[in-house]
Amino acid sequence: MLAVAIFWMTLALIFYTWAVFSGRRQGLRTKHLVIFGIGLLCDYIGTHQMNLYAQAFGKAPQIHNITGLASLSGMAFHFLLALAATLAGRADAVNRVFHRVSLTIYSCWLIAFFSGAFSGMMRLHR
């Protein structure tokens, strides 16, 4: 169960990183939205798997739960913002603000990702 969760969270990291930095370099495009959506789906599946693991073997530290929920919500909001901008044909108009928000939410997501990995390693070490 843990290996499956780690697999999905690692895929989320790969797709989020790809979408955020490729979109920043090239400007927000439909392909970035698709990549971002795949990352969001992987994050959701990984978070669900981690939740199942936590229910079976003990809760994660509260700070990880807070940052994890906040960053998953932030990524979902970010995706919806990108979708709305793309559908409205205004992706170029929102690029500057979008990428500033993008890096902030991505940084928060990385904190949650690494705090979960760190706390998980500390549990295995005991």
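Take the sequence shown: its letter number 13 is residue 13 in the UniProt record's numbering, and every next letter is one higher.
Glycine residues also receive a C-beta, built at the ideal position from the N, C-alpha and C atoms.
Given that a residue counts as buried once 16 or more other Cβ atoms are within 10 Å of its Cβ, and exposed if not, what is residue i?
| i | result |
| --- | --- |
| residue 118 | exposed |
| residue 27 | exposed |
| residue 112 | buried |
| residue 30 | exposed |
| residue 36 | buried |
| residue 77 | exposed |
| residue 69 | exposed |
Alpha carbon to alpha carbon, what distance is there between residue j and residue i?
| i | j | result |
| --- | --- | --- |
| residue 50 | residue 63 | 15 Å |
| residue 6 | residue 46 | 7 Å |
| residue 90 | residue 58 | 45 Å |
| residue 4 | residue 48 | 11 Å |
| residue 40 | residue 1 | 20 Å |
Among the options, which has the Cα closest to the Cα of residue i?
| i | options | result |
| --- | --- | --- |
| residue 24 | 115, 99, 108 and 52 | 99 |
| residue 81 | 9, 32, 108 and 42 | 32 |
| residue 12 | 21, 22 and 44 | 44 |
Starting from the C-beta of residue i, find all residues in its chain whose C-beta is less than 8 Å away, skip the five residues before and the five after it, and write them out in chain order.
| i | result |
| --- | --- |
| residue 67 | 108, 111, 112 and 115 |
| residue 34 | none |
How would you write the range of the alpha helix (DSSP H) that residue i sits in, first residue to last?
| i | result |
| --- | --- |
| residue 28 | Premise fails: residue 28 is in no alpha helix (DSSP H) and is neither H nor E. |
| residue 84 | 62 to 87 |
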